[in-house]
Every structure is written in structure tokens, then in C-alpha cells.
Amino acid sequence: MATSTHNPTALARNLHTTLSNHKGPVHVARYAKGSAKYVLSGGQDRTVRLWNPSTGAEIKVYAAHGYEVLSLTVSHDNNRFASSGGDRSVFLWDVSTGQTIRRIAGHMGKINAVEFNDDTSVLASGSYDSTVRLWDLRAQNRQPIQILEEARDAVQALHISHGTILTGSVDGHVRAYDLRMGQLRSDFIGAPVTAVTSAQDGQSYLVTTLDSNVRLMDAATGKMLNGFKGHKAEGYRCRSCFGHGEASVICGDESGTIWAWDLLDAVPLPPTPPPKVHQGVVLWVEHHPTEDGEMISAGADGTVKVWRH
Amino acid sequence: MTSRLKRKLGDLGIDPSSSKANESFCLIGTPLPPLEKSKDTGEFVPLWKQEVRDEKGRRRLHGAFTGGFSAGYFNTVGSKEGWAPATFVSSRADRANKKQARPEDFMDDEDLAELRESRQLVDENEEMDFGGTETEIRRRSSMANALAASLAPSASDSVGARILKKMGWRLGQGIGPRVTYEQRRAQDRNAGFAPDDEDEEAKKHMYPRRDTPLLLVPRKDNSHGLGYTPGMGLNESLGRAGEAKGPHISAGFGLGALNDADDDDLDVYDAALGSERSKRILAYDAIDDDDQMSMGLSRRRGAGNRAPAKSSPTQTFRDGKPVLKGFILSDQPVAEDRWFPLPEVPPGWKPNPRRVWEASANKENEGASKGKQREESPRTHEQWKRSLLSADEVRRAVMTFSQGSLLGETPLPSQPRSVFDLMSQKDKERLANIRTNLTAGVVEQGSSAPPSALRTEVDIPHVHPSVAKAALQGFQPFTADPVKQSRYTAFLHYASAAGDGVLSIATLPGQKTEDFNKELADYAKSATVFKPLSGAMASRFKSAAIVETGPKIIEGLHTPDLSAEAVEEPKPEEEEEDPRMAAVRLGIYGSLTREVAPWQPARLLCKRFGVKDPEVDLGVDTAPTSTDAPSAPGAGADAGTMAPPPLPIADAPHSADGTGDGARAPRNLANVGLGEDDEQGRDTLTYQRPAMDVFKAIFASDDEDSDADEPSEEVAPAPSQPAETTPQHLLVADSATSAGPEVDQKVDLATFKPTFVPRVDRESRKDKDKVKEKSRDKNKKKVAALVSFDDGDDGLQINVSSKKRKEKSKDKDGDRKKKKRKEKKGDGDDDDSMWVEKPAAAVVQNLVLEDLTPLAHPSEVSLEGVAGPPRGRKRAVDFM
Numbered sequence: 001m002a003t004s005t006h007n008p009t010a011l012a013r014n015l016h017t018t019l020s021n022h023k024g025p026v027h028v029a030r031y032a033k034g035s036a037k038y039v040l041s042g043g044q045d046r047t048v049r050l051w052n053p054s055t056g057a058e059i060k061v062y063a064a065h066g067y068e069v070l071s072l073t074v075s076h077d078n079n080r081f082a083s084s085g086g087d088r089s090v091f092l093w094d095v096s097t098g099q100t101i102r103r104i105a106g107h108m109g110k111i112n113a114v115e116f117n118d119d120t121s122v123l124a125s126g127s128y129d130s131t132v133r134l135w136d137l138r139a140q141n142r143q144p145i146q147i148l149e150e151a152r153d154a155v156q157a158l159h160i161s162h163g164t165i166l167t168g169s170v171d172g173h174v175r176a177y178d179l180r181m182g183q184l185r186s187d188f189i190g191a192p193v194t195a196v197t198s199a200q201d202g203q204s205y206l207v208t209t210l211d212s213n214v215r216l217m218d219a220a221t222g223k224m225l226n227g228f229k230g231h232k233a234e235g236y237r238c239r240s241c242f243g244h245g246e247a248s249v250i251c252g253d254e255s256g257t258i259w260a261w262d263l264l265d266a267v268p269l270p271p272t273p274p275p276k277v278h279q280g281v282v283l284w285v286e287h288h289p290t291e292d293g294e295m296i297s298a299g300a301d302g303t304v305k306v307w308r309h
Numbered sequence: 001m002t003s004r005l006k007r008k009l010g011d012l013g014i015d016p017s018s019s020k021a022n023e024s025f026c027l028i029g030t031p032l033p034p035l036e037k038s039k040d041t042g043e044f045v046p047l048w049k050q051e052v053r054d055e056k057g058r059r060r061l062h063g064a065f066t067g068g069f070s071a072g073y074f075n076t077v078g079s080k081e082g083w084a085p086a087t088f089v090s091s092r093a094d095r096a097n098k099k100q101a102r103p104e105d106f107m108d109d110e111d112l113a114e115l116r117e118s119r120q121l122v123d124e125n126e127e128m129d130f131g132g133t134e135t136e137i138r139r140r141s142s143m144a145n146a147l148a149a150s151l152a153p154s155a156s157d158s159v160g161a162r163i164l165k166k167m168g169w170r171l172g173q174g175i176g177p178r179v180t181y182e183q184r185r186a187q188d189r190n191a192g193f194a195p196d197d198e199d200e201e202a203k204k205h206m207y208p209r210r211d212t213p214l215l216l217v218p219r220k221d222n223s224h225g226l227g228y229t230p231g232m233g234l235n236e237s238l239g240r241a242g243e244a245k246g247p248h249i250s251a252g253f254g255l256g257a258l259n260d261a262d263d264d265d266l267d268v269y270d271a272a273l274g275s276e277r278s279k280r281i282l283a284y285d286a287i288d289d290d291d292q293m294s295m296g297l298s299r300r301r302g303a304g305n306r307a308p309a310k311s312s313p314t315q316t317f318r319d320g321k322p323v324l325k326g327f328i329l330s331d332q333p334v335a336e337d338r339w340f341p342l343p344e345v346p347p348g349w350k351p352n353p354r355r356v357w358e359a360s361a362n363k364e365n366e367g368a369s370k371g372k373q374r375e376e377s378p379r380t381h382e383q384w385k386r387s388l389l390s391a392d393e394v395r396r397a398v399m400t401f402s403q404g405s406l407l408g409e410t411p412l413p414s415q416p417r418s419v420f421d422l423m424s425q426k427d428k429e430r431l432a433n434i435r436t437n438l439t440a441g442v443v444e445q446g447s448s449a450p451p452s453a454l455r456t457e458v459d460i461p462h463v464h465p466s467v468a469k470a471a472l473q474g475f476q477p478f479t480a481d482p483v484k485q486s487r488y489t490a491f492l493h494y495a496s497a498a499g500d501g502v503l504s505i506a507t508l509p510g511q512k513t514e515d516f517n518k519e520l521a522d523y524a525k526s527a528t529v530f531k532p533l534s535g536a537m538a539s540r541f542k543s544a545a546i547v548e549t550g551p552k553i554i555e556g557l558h559t560p561d562l563s564a565e566a567v568e569e570p571k572p573e574e575e576e577e578d579p580r581m582a583a584v585r586l587g588i589y590g591s592l593t594r595e596v597a598p599w600q601p602a603r604l605l606c607k608r609f610g611v612k613d614p615e616v617d618l619g620v621d622t623a624p625t626s627t628d629a630p631s632a633p634g635a636g637a638d639a640g641t642m643a644p645p646p647l648p649i650a651d652a653p654h655s656a657d658g659t660g661d662g663a664r665a666p667r668n669l670a671n672v673g674l675g676e677d678d679e680q681g682r683d684t685l686t687y688q689r690p691a692m693d694v695f696k697a698i699f700a701s702d703d704e705d706s707d708a709d710e711p712s713e714e715v716a717p718a719p720s721q722p723a724e725t726t727p728q729h730l731l732v733a734d735s736a737t738s739a740g741p742e743v744d745q746k747v748d749l750a751t752f753k754p755t756f757v758p759r760v761d762r763e764s765r766k767d768k769d770k771v772k773e774k775s776r777d778k779n780k781k782k783v784a785a786l787v788s789f790d791d792g793d794d795g796l797q798i799n800v801s802s803k804k805r806k807e808k809s810k811d812k813d814g815d816r817k818k819k820k821r822k823e824k825k826g827d828g829d830d831d832d833s834m835w836v837e838k839p840a841a842a843v844v845q846n847l848v849l850e851d852l853t854p855l856a857h858p859s860e861v862s863l864e865g866v867a868g869p870p871r872g873r874k875r876a877v878d879f880m
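Dropping the structure here:
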């Protein structure tokens, strides 16, 4: 099944290791910053785990959450990370000591998404209470810097890049808060948005919605550049991401498969349909930020799988 | 008890541990603790504190923490070794010493105690004595008893008995002279027992009489009535023999009222019954014969059933069935039910429950309107109360009310019937006035609209404007019905205008006024119901993004019309289409699905993101939205206040006649921040110093403030002609600013700061200066400079106008001023240092003369103006 030919757009489909210490669905799995040698994963079992994906070893368990962990974000210097979930506060961790540095409370619902800005001075958190709160990490201020209350329903996805905060909400909108322009551009997508990923250049962004669609939108005009279909995403947050070099689009599927499309012609990459690789829903896929042949996927079966060419 | 008290008691010779010393006389309060802690003070000790001790006071049952089994070997078998067997010792040598083993040898303390106890004979049932027994005698005081006993004869016989004995009486004989044999026999016969034999010899002797039998009265120790024997039936007590009792039914099995006791139910173990039974009924084997059986049964039954059988010997129903036992046939015939024929259903009638519903739909309103009519005449509380009561109750109420007065009682003064009794006469009058006014109004209204006309009048219910406003933002209840919804919002708009507006909705075609009234009432109701949550509660909720318009629910019983539905169905699909949704459906993303709105990021956020605060741009370019930029603190706010008010810029006339028209071209958004923008970065340089007011407010003392106020007051009187004056001054400013840079080169910017002070001010100030002390002088100057230069605050406009006036009167003077102003403008643009010694003004004046030349050549000015001025001009305006 695996294409060992080194087609740059082909997806890494050889199972390298399985990280399976989680005791419930793994909601999120993220690469560290920089050379991305490590993987952080958070799951229903209220823990965050640090892995070495190349050896498959579990390095550390971060257990302080009282509820499920729904979102993770790693600081630019890999010293800290933030996690959030059902306990309505964002936990800021020190990676090496495994202690929480700060617990930021303020949301009134579970927090679906957290994101650092580029230099980890601001933390954005999007919650079920339909607000995005921006927290100052430089000061010990308990109040958020700003609350973005435009969303009419739960905020499911966040992305910060190029001075723009992208939020995806269940009300079917992707809102781009442009700090430079002082502008809020809200694009109506239609179906509940579960994931938003911006391209490197900030010119386009990828939206995953619950109508089994992944759309590539033009950030400047709000036009749809491409639509990616074929997978099934109707009830779960299945995250999509760009493949290596943004030549492809990858998205998990509720039936346990991982789909990949060519970015330009939106044709599913072979094999179609893709083989089932997780027992449950694939809740998160993330491609290695720098390396071509590596990506991870996290599923409801409690495993994080590392794929390589 | 304290040790001191103890010592004292000891000195007195009282044993502190004696019970007398410890006796408590405390009736109230807490007694002192006992002198010596006795073993058992009787106080409550929790279970875990209790100790088990044996009779010798040794502690038993050691807990794990006090040694357990190892503590004190008396807990074991009494030896240190416990159960460890002792070494064998032969008893052969001292066998002789060994006595016979007794059971006591093997007994322990407890057993021995028990044995001792069992040996003791105790007469537990002390006989009752009435003074004759030893114990009773012993109880009496010894001395008197001893005397009496010694004096009195022995108490073996009573006196009577002794006398009788002396007379020849013996124990067991009757009292009296001896009788003959015959007499004795007769006596026996009377007593009830027959003398057995007749003896010839016996007749020859005399016999003592028979002893009179002692009447023994049994002691009554129960609570029954006299003469009652427990267990005796009523008949028995009357002396009659009991009726033949039914067979004994074995216990434990209930028998129905109508069931006869069967053989199985009978108690087999009842002996008496058995014998009786055996008499009556033969053994089972013998009862084969039906006749015998029936005979036996009938006989038995006959005895039991005698009484009822008499009344109904052969009662049978008409069909021949026998009447059940215990029942009698009634003589009276059964009263027949009356039946009424069903009404005829008219042909073609269909059940329509809504008809009733609709018919009664307006009942509420009718009732309400009637109620209103009735209310027209105000009534007293009592009247009102009475009207609520029924006639009967009224009578009763009146009775109770007037009862007192009928009886001639004076009403209790402490019980006023209503609040009105407590009011002063004045208040009462006032109330009466109000009432009459009201009634007049109502009557007027009522009379103008006769009852029939009242129904046709539109009655707009009152909704408080605040409620209406809130309801406008709240849940919209009639979204399913767009027409109704629009009417609802129209009503709310009308209501929120607090009656100022005109109700824009009227009756629908074919709608009755009553229905319209009802509709309005409905709106009013729903407005009060659906106003949104307020305050903290509201912030917790979000209204839904998509309003789901469910199927319309029809009130009451309803037979759904399937055919109509089929027609309606395609409709909602068409209606539902939101243009955005339609676009999404078609995949046309872009302008249709995109909404762009200005957004003000917090300043700190911009700082953290390393992004320039976009607020300034927002403020200049999208003027209307910029003003509401809410919380931009610090520099952002400054920029906001410094930002030129849009009006003067847009003012066309002065630019038309002015020289620097090109320079004054409004800034184009596209140019902002780009290379073509000459102003780029300028405002950040020039706008740094905040308004002087701020400094004043913070640093200036109160008296300084008062000084500062003076000049402005002096200037104040001429605020009348701002609009026209500004442009001219602006023009001047323009030219000045264009020349600005040249000026800058000639004057040392670091030290020089031109100031503009209106002449009048200066003169007046001079006078004042003379008067004032030197220390204040400096402040004064500063203040003056402030007024003149930093007129970004309100002062400037005034200044200018006053100046203008002066110009009109004295042209020459005005000219100078212009120059000065112009000069100042230029400086304001380029220079940050605001404060210079006043004398420098002279230099400025010289400079100004040079600057005048550009004024004469507008074209040049315009060219130069492009470089610096527009911003500068704006600033000038801004300072106004």
C-alpha cells in the first residue's frame, strides 16, 4: 500500500511507531517547535504526554487536568506549552519540570482551542462560551487583554499568524482579526467549523467543516480556492493540515482513515479510498513542520501513530 | 477544690475525702469537682476510655497499645509462661500428702463465689404479717416491747379461746351446748352432706356441735366486674345453657361468610368435638349412601338455619334459582332508569372542535371591556369587597358588620376600617380631587364611546418604553409568521417611543377591531415575557446564530389537513434561503459570504504582537467609526484627541479662496504609510507631548490654576464668530508652515520657542505682572504661553476670534499677529520643545517678515505645501 517512491506530494503511509499509552481518545497531538523532535499529545484521560516519535518512547506525563485535554500549543522556544480542555482554564506548563506555571481561568465553558502567538507573549483561547480571550503572558494580569465576542457559537479552532487571529466557530464562520488593519473579516462557510489552519504565507487558509468538506480559502478575498471532498466528517473535530511544502492537504476521517489531496487539483492522492489506520475517528493529523516524510495522527482508539515514508 | 481550701479544711480537722465534706449544695450552676477523684464518679466515659478491671483492681484486657497480651500475665493463664507446659514433676513421693481432690480445687474465684451464693438459703417470699411476726416485733423499739412481753401472757391463744377451753371446748368442735345424735344429723343435713350410716349406739350419746364452717372469701385480684367469671358467655351468665356451639374450626384458616365449615376445616385435635362428631356422623366409609348423607346434613343444617329459614322458606327467583342465603327478595319492583332519545345529528355535520374555541376566543376581551365599563365609577373598598361576594355572603357580611351597631355597641376606636380613616383631612380632600378628575376623564371617555362603540375602538395596551426596547433586542416570538413579526416589531417601536409616535399598524383587511385589540394585547404580553435577560445573566448566554422556525403549532384540537400540507411543503425551502447560505450552497464564496468590519485591537495586544496600533489610521480615515474606538488608552487616546475634527477640513469655502489648496487635499487612505506619503511618521514625531491640560491637572497647584484661568477668561468674551475666522487663520498658518523649515534652520530649535500671546492679553498681563510677585511670574508666563500656543484645548478658538476682532479694528496689529501665528504654526509642526523665554518673541518677529514673501506667491506655497503642511494644517485645526 505504501508508496516508497519519493513523490513529494505522496503521504507518508508507513507506520513507524504507535504511541499508545493514552487510556482514552487522543484529542490532540502536536509537534514541538523548531526541529520538532518531540510530540505532545493530550487526551480524554486528562493527561498530556510527551513522546519521542522516532523511538516511540514516552518521556513525560503531565497530569494536572481534571477534565479531558482538548487542545495544546507549544511555545516558540519549546520551554513551555499550554493545554486546555474541560476544566475551563488554560494550563501553562513548564516542559522540563512538568509543573504548571499558570492556570488561567476566565472562560465559562470548556476551552476547545489554545494558541500562542509567535513569541509566546500572548495566549489565545477559544471556548465553548463562544468567546476568544487573549491573555497576556508577559504580565501577571488575571484579566484578558481582550475578549473577542463576535462568535455566535462555540469557538472550535484558532490560528495565529502574521498578526492575524483566525477563529473558527460552530456558527459556521471563520473570523480573521487583522491587527494590522484593525479589521475583522468574517467569512461565512456554512457548516460548523472544526479546524482552521493558515498557510505559511498567510494568503490562504484551510477550513475543515462538519459537512465533510475541507476548503482552501483565500484570506484576502474570502473566495474558495479549492474544495477537498471524499472523507467523512460530520460529527467530530477532525483536523486537517497542510502536507509537506503545502503541496497537499491532509485530513482525518471519522471512519479511521487519513485522506490526502493534491493542493492544486484537489484530487485525492492514492490510494483511494485510503486504508483504515485507526480503530476510531481520526481526531488529529499533523504533518512534521520541516521534514518531508513524517506525520502523526491521533485517534479515538487512544493511539498516536507516527507515519513515515 | 483548690489545694488551699484543702489545706484549710485539714487545719480545721475535716477529712476532705469524707462524703460530708464533698456534699454539694449547688442548686444552680456547676458544682465543684469532688475533693478526691473517686474511682467511679459516675460521669460518662467514652467507650475507648473505659477500663476493665477485675475484683482486685487489676487491669484486664490490655489493648494493643498498652501491651496487648504480653502485658500483665494475669491475662494469660496466670503464669508468665502462659500456656507453656511446666516440666513434669512426679507426685509419687508426696502422694500421701495429697488429699482427696474436691471439686472446689478446680474452681476459680467466680465459681467459688457462685457456690457460696448457692449455699445461702434465702426466703425470698416474706410472708405478710400484720404485726404478729418476729420481724415486725423486732422492728418495734426494743425497750417497750420487752416490757410488754414480760408482763403480758404468752400469746399462744386468744382470750376467748382460753375461756372456751376452760369451759370444756376443744379444738375442732362447735360452740354451744352438746346436742343429741338426731340434732347433729339434722345439722349435717343442713350443712349439705348426708350422714352415712346409722348407729344404734350413737344415739345414746350427746355430741358436740359441728364446727361452723369458716366463710372463706377469696381475694379478688383481677379487674373483672363482681360476679363475672372470665370466659363465661352471656347466656351462661344468665343461667341458660349455651346453644350448641359450631364445630371447632382449626385455627389458621379463614372461612368465608358464606362458606360452611367443611370437614377439612374442622379441628381434628379437638377431643370434645370428636366425640360429638362420632355421635352424629358416621365414619367416612359408612357415608356412601346419598340419602344418609342428605339426611345427616339436613338435620345439621336445619338446626343452624332455623331463624332465616322461617322468613324465607322457599324463596326463589322467577327463573327458579334459589335466593342466596342471607338475602331476601324485595317486594318493591326496581325503579326503572329514564332514557332520553339521542338528538338527531343533522346531515352533513362535521366535528369541528375549533368552532367552540373560536366562539369563545373573544370572551376574555369582552370580559375585560365589560370590566372596564364597570370600573368607571370608582368604589370604596367595601363596595368592591361586597361585589365579590355572592348575595348570600353579602347578607352575612352585612350582618356581621352591622351586628355590633344593632346591638348598640360602640365600634372599637382602635380598629379603623381602612387606611383612609388614618389620613388627614387634607389628604382626603386631595384624594377626592384626584378621584373626581379621574372619574371625569373616564366618564368623558365612556360617554363619548357608548358600549357598542367601545368595541370598535382600538385599545392600545400600555407597554413601558424600557420593556419595549428590551423586547426589541430579545427573543422574537413570531418569527414563524413574518407578517405578525413585522407587526410586532412595529408595535414595539411604537411602544418604545413612549407614545410619541403613531402606531404604524392598523387592522388587517378582514380583521375585526376586537381581534386587533386582542392582537395588540398579545404583543404587549409577549413583550413583557420575551424581554431579554439583564445584567450578568445575559452575558452568560448567546442568542443562537440560526433561528429555527419550527412548524406552526395550532392551538387546541386540530385535525391536520394533509392535502394542504403537501402543498405548503415546498414553500419553506424557497423561503429559508439566506443569500449567504445560497452562496455557500452554490460554492460562491467571496464578497457574498465575507463581512468586513473595523475592529479595534487592544493597544497592549498590538504591542505584544509587535504590530503598530491601527487605531490612528482608523481614526483619521474612517472617521465615524474611529470615534467610538472604546478603550484605546495612552497614546491611542492622545492621538484620538489630537486627531483633527473632520468638520474644519471638509469646510470648502476657505480652501477655495485660500492659497494652499493643493496642500490641503485630504489624505488618501491609499497613501497612508506608503512612500508617497510625505506625512509618514510625522505625526508620531509631533504628537508626542500630550495636552498641557494634563500636566496642569497633575502638577499645577490650585492657585496656579486660578491664575491660569484668568487669561482665558479675559479672552473668553468673544466666542461668536469661530467658523469664519478659522479659515483665514488657517490660510495664514499654511503659508507659515510651508516656510517652516527655513525658519527652523535659522533659529536654534532647542532653545527657541516662539510664543503667541494676543496683545490684549499681553498688556493686561504686563500690568498684572507688575503687581504679582516674582515667583509667580514665571508660572504666569508659562500659562500665557499655554493659552496662546497650545490651544489644542478649547482655548484657541476663542483666542483666534478675539484676535480677529482686533484685526478688524486695528489692521496693523492684526498683521503682526498673523505673522506671529504663522510662525508659531510652523514651529508647532516641526518642533517639540514648546517653551521658550518670552523675550525670544522679538526674534520671531524678525523672522516673520521674511516669511511674508511666500504668502505673496501662492503657487510656490502650494508646491512647498505638499512637502510639510497638510499635516501641519490639520494640526492647527486640531488645536482649535
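One line per chain: the protein sequences are A and D, in this order.
Straight run, no breaks: the first sequence in UniProt numbering ends on number 309.
Straight run, no breaks: the second sequence in UniProt numbering ends on number 880.
A virtual CB, placed ideally from N, CA and C, is assigned to each residue, including glycine.
Short Cβ contact (7 Å threshold) for residue i with residue j
{"i": "A/Lys-232", "j": "A/Asn-213", "result": "no"}
{"i": "A/Leu-166", "j": "A/Val-196", "result": "yes"}
{"i": "A/Gly-280", "j": "A/Gly-293", "result": "no"}
{"i": "A/Ser-71", "j": "A/Ala-32", "result": "no"}
{"i": "A/Ala-266", "j": "A/Ile-250", "result": "no"}
{"i": "A/Thr-17", "j": "A/Val-306", "result": "yes"}
{"i": "D/Tyr-494", "j": "D/Phe-478", "result": "no"}
{"i": "A/Gly-256", "j": "A/His-278", "result": "yes"}
Residue i classed as buried or exposed, judged by whether at least 16 other C-beta atoms fall within 10 angstroms
{"i": "A/Asp-253", "result": "buried"}
{"i": "D/Tyr-228", "result": "exposed"}
{"i": "D/Asp-657", "result": "Because D/Asp-657 sits at a pLDDT of 40, beneath the cut-off of 50, its placement in the model cannot be relied upon, and the point is left open."}
{"i": "A/Trp-148", "result": "Strictly speaking, residue 148 of chain A in this sequence is Leu, with Trp absent from that position. With 16 or more Cβ atoms within 10 Å of its Cβ, A/Leu-148 is classed as buried."}
{"i": "A/Phe-116", "result": "buried"}
DSSP state of residue i mapped onto helix, strand, coil
{"i": "D/Thr-593", "result": "coil"}
{"i": "D/Asp-831", "result": "Its pLDDT being 44, under 50, D/Asp-831 is placed unreliably by the model, and the measurement read from it follows with that caveat. Three-state DSSP puts D/Asp-831 in coil, outside helix and strand."}
{"i": "D/Ile-698", "result": "helix"}
{"i": "D/Asp-11", "result": "helix"}
{"i": "D/Thr-513", "result": "helix"}
{"i": "D/Trp-169", "result": "coil"}
{"i": "D/Trp-339", "result": "coil"}
Any non-hydrogen atom of the ligand SAM closer than 6 Å to residue i Cβ
{"i": "D/Phe-699", "result": "The model depicted lacks the ligand SAM and carries no ligand whatsoever."}
Checklist entry - Touching or not, the segment 3-11 of chain D and the segment 287-300 of chain A, by the rule of three or more beta carbon pairs under 8 Å? => result no
Next on the checklist: Does the segment 117-125 of chain A come into contact with the segment 77-87 of chain A, if we say contact requires no fewer than three beta-carbon pairs (one atom in each stretch) closer than 8 Å?
Outcome noted: yes
Next on the checklist: Does the segment 216-224 of chain A come into contact with the segment 585-594 of chain D, if we say contact requires no fewer than three beta-carbon pairs (one atom in each stretch) closer than 8 Å?
Outcome noted: yes
Item to check | Validate contact between the segment 20-27 of chain A and the segment 51-71 of chain A using beta carbons, cut 8 Å, 3 pairs | outcome: yes
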